[in-house]
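Please read the structure below before turning to the comments.
2 protein chains.
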Amino acid sequence: MNIYFACSITGGREFESAYQSIVRALTEAGHEVPTAHLAETGITSVEAGIHPNEVYERDVAWIRACDVLIAEVSVPSHGVGYEIGFALGIGKPVLALYQRGRKVSKMISGNPDSHLTVRPYQTPDEAFRIIEFFLPKAR
Amino acid sequence: MNIYFACSITGGREFESAYQSIVRALTEAGHEVPTAHLAETGITSVEAGIHPNEVYERDVAWIRACDVLIAEVSVPSHGVGYEIGFALGIGKPVLALYQRGRKVSKMISGNPDSHLTVRPYQTPDEAFRIIEFFLPKAR
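Protein chains in written order, with my numbering: chain A, 2 to 140; chain G, 2 to 140.
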C-alpha cells in the first residue's frame with residue numbers, strides 16, 4: 002500500500018528513532034512510503050532549505066495519493082495535526098500512534114471520525130503489530 | 002466579531018501570558034471569544050477533566066460558528082494544527098501569529114490558501130495591531 006507516514010519535523014525530533022523503526026518495518030513489508038526520508042536524522046536542516054510552499058504542495062500531493070496516513074503523535078506538531086485534519090477531510094483512513102504515557106491532543110483523541118484510529122504503543126515492534134492489524138481494515 | 006482563539010493546551014503553555022494578553026485585548030475591543038478561558042492559567046488540568054469527545058465537539062462547534070480563527074502558533078500543537086486545517090476546510094479566514102524567531106511548520110507557513118495569513122510578532126501589542134489590520138479584511 003501507499004502509506005503517508007507523518008511525523009514531527011519543526012516540532013521536535015525526540016522520537017526520531019521510533020519514526021525510523023516504523024518506516025523501516027513498513028518498507029521491509031513492501032509498502033511504499035513517500036515520506037520515508039522525513040524519518041531520517043538530519044532531515045530538519047534538509048527540509049529547512051526547501052521553500053515552505055514547495056514542502057506544503059509536495060506533502061499535500063502525497064496525502065492525496067496515499068491509501069492511508071499513519072501519524073506518530075508523541076511529540077506535538079502543527080504540521081502533523083494539520084495533515085491528520087487534511088487526510089480525514091478527503092476521506093483517508095488515519096492511524097495515530099503515540100508512545101504510551103504521552104498526552105495526545107483531544108482534537109485527535111476525541112475526534113469521532115470513523116476513519117480515525119488512535120492507539121498507544123510501547124515499542125516499535127508493538128507499533129508495527131498495531132499497523133499490521135490496521136492496514137487490512139483500511140483497504 | 003465572533004473570534005475563535007486557538008492556542009496550545011496539551012502541547013505546552015510557554016506562551017500562556019501572550020495568549021492572555023491577546024484574548025484580553027480582543028474582549029476589551031468588544032469581540033466575542035468563546036475560547037477565552039483556554040488562555041487562562043490552570044486550564045490544562047481543567048480540560049484534562051473533560052471527556053476528549055466533548056472537547057472535540059465543543060471546539061468544532063465553536064469553529065463552525067466563528068467569523069475568524071486566530072491561532073497562536075509559537076508552540077507546536079497537534080490540536081491547533083488540526084483546527085487551522087478544519088477552519089480553512091470550511092472557508093473560515095485564519096490568522097496564524099507566532100513570536101518572531103520561532104520556527105513555524107511549513108504546512109502552515111507554506112500553505113497557499115488565500116484565507117490564511119501568517120505573521121510574526123514581538124509583543125502582544127504588536128500582535129493586536131496585526132489583528133486589528135486583519136479583521137476588517139476578514140469580514
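By construction, the Cβ of each residue, glycine as well, lies at the ideal position given by its N, Cα and C atoms.
Listed in chain order, the positions of the region 65–81 of chain A with a beta carbon within less than 8 angstroms of a beta carbon of chain G are 74, 76, 77, 78, 79, 80 and 81. In the structure shown, the three-state DSSP call for residue 134 (chain G) is helix. Counting only runs of 4+ residues, the alpha helix (DSSP H) found wholly inside the region 79–125 of chain G occupies 79–90 and 107–110, in chain order.
Put simply, the CB of residue 35 (chain G) is far from chain A, with every gap to its CB atoms at 8 angstroms or more.
In terms of beta-carbon proximity, residue 93 (chain A) stays away from the interface with chain G, with every pair separated by 8 angstroms or more. Straight through space, the alpha carbons of residue 18 (chain G) and residue 50 (chain A) are spaced by roughly 32 angstroms. With distances taken between CA atoms, residue 61 (chain A) lies nearest to A:35 out of A:103, A:109, A:35 and A:42. For residue 10 (chain G), there is no enclosing alpha helix (DSSP H), as DSSP marks it with neither H nor E. For residue 91 (chain G), the number of other beta carbons within 10 angstroms of its own is below 16, and it is reported as exposed. Approximately 6 angstroms separates the beta-carbon atoms of residue 85 (chain A) and residue 83 (chain G); this is inside 8 angstroms, confirming the contact.
Remark: three or more beta-carbon pairs, one from each stretch, lie closer than 8 angstroms, so the region 127–140 of chain A and the region 93–100 of chain A are flagged as touching. The beta-carbon of residue 47 (chain G) is placed no less than 8 angstroms from the nearest beta-carbon of chain A. Contact with chain G is absent for residue 44 (chain A), since none of that chain's Cβ atoms lies less than 8 angstroms from the residue's Cβ. Assignment of residue 76 (chain G) by DSSP, reduced to helix, strand and coil, places it in the coil class. Collapsing the DSSP output to three states places residue 24 (chain A) in a helix. When the Cα atoms are used, residue 115 (chain A) and residue 55 (chain G) turn out to be separated by approximately 16 angstroms. Counting C-beta atoms within 10 angstroms of its own C-beta, residue 73 (chain G) has 16 or more neighbours from the protein chains shown and is therefore classed as buried. Chain A has a Cβ within less than 8 angstroms of the Cβ of residue 109 (chain G). A distance below 8 angstroms between beta-carbons, with the five flanking residues on each side excluded, links residue 122 (chain A) to the following residues of its chain, in chain order: 98, 99, 100, 101, 128 and 131. The alpha helix (DSSP H) runs lying completely inside the region 32–59 of chain G and spanning 4 residues or more are 44–49, given in chain order. In this structure, residue 106 (chain A) places its C-beta atom within 8 angstroms of the C-beta atom of residue 78 (chain G). Residue pairing for residue 69 (chain A): DSSP places it in a beta bridge opposite A:4. The beta carbon of residue 44 (chain A) sits closer than 7 angstroms to those of 10 and 38, all from its chain and outside the five residues before and after it, given in chain order. In this model, residue 125 (chain G) and residue 14 (chain A) are separated by some 29 angstroms (Cα to Cα). Here residue 69 (chain G) is near residue 94 (chain G), since their CB atoms are less than 8 angstroms apart. One alpha carbon belongs to residue 28 (chain A), the other to residue 6 (chain A), and they sit about 11 angstroms apart. Under the three-state reduction of DSSP, residue 30 (chain G) is assigned to coil, being neither helix nor strand. By the C-beta density criterion, residue 110 (chain G) is buried, having at least 16 other C-beta atoms within 10 angstroms.
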